[in-house]
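Enquirer:
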Amino acid sequence: LAKTYSFATCIHASMETFPFRDKEFDLYINCRAIHSTDTDMNKAVSEAIRVTKGKVVLSVSNGYRVDSRIVKGMYDYDTQKIDEEKSQIILNSLKAIFIERKYKVEEVSSDAELFLILTPDPSTSN
Numbered sequence: 666l667a668k669t670y671s672f673a674t675c676i677h678a679s680m681e682t683f684p685f686r687d688k689e690f691d692l693y694i695n696c697r698a699i700h701s702t703d704t705d706m707n708k709a710v711s712e713a714i715r716v717t718k719g720k721v722v723l724s725v726s727n728g729y730r731v732d733s734r735i736v737k738g739m740y741d742y743d744t745q746k747i748d749e750e751k752s753q754i755i756l757n758s759l760k761a762i763f764i765e766r767k768y769k770v771e772e773v774s775s776d777a778e779l780f781l782i783l784t785p786d787p788s789t790s791n
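Residue numbering for the sequence shown follows the working numbering, beginning at 666 and increasing consecutively.
#1: Could you give the C-beta distance for V716 and F683, rounded to a whole number, given that I count them as a contact under 8 Å?
#2: DSSP state of K708, grouped into three classes?
#3: Out of V710, Y742, C675 and D748, state which residue places its alpha-carbon closest to the alpha-carbon of V736.
#4: Might you give, ordered along the chain, the residues of its own chain that have their beta carbon closer than 7 Å to the beta carbon of I755, omitting 5 neighbours on each side?
#5: Taking all protein chains shown into account, decide if S752 is buried (16 or more other Cβ within 10 angstroms of its Cβ) or exposed.
#6: State the DSSP-derived secondary structure class of S788, mapped to helix, strand or coil.
#7: Bridge partners of T717, per DSSP?
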């Protein structure tokens, strides 16, 4: 990114412990990352909320191109197969975490991706 855009700064950090100030960003986007490692999703969500003033967008993979078609699901490294339910299970876990933290949740999908668009629920603020 920095090679393409001279104005860009690249910072390598764990999504569980960001080196940024509270509410430093207007928008947080996480594409296919929060679920693809051994990341603690609760910690990652806490950090996303901490560094963001408002909207959070997360994506979870839900398909792979196999023989010129999209096969729905997420690859399971233990079984070495595509699990058709795994993406939705992860998405539901993330939704529950954000709902518990008083966020409004909108779900959007494409052929191979599930998205959550999350905004703080103003009706729950004191």
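No residue lacks a Cβ here, since even glycine has one placed at the ideal position from N, Cα and C.
Expert: Put simply:
#1: So it is a contact: roughly 5 Å between Cβ atoms.
#2: Here K708 sits in helix by DSSP.
#3: Among V710, Y742, C675 and D748, the Cα nearest to that of V736 is on D748.
#4: Around I755: H700 and V725.
#5: Flag for S752 reads buried.
#6: Under the three-state reduction of DSSP, S788 is assigned to helix.
#7: Residue pairing for T717: DSSP places it in a beta bridge opposite F690.
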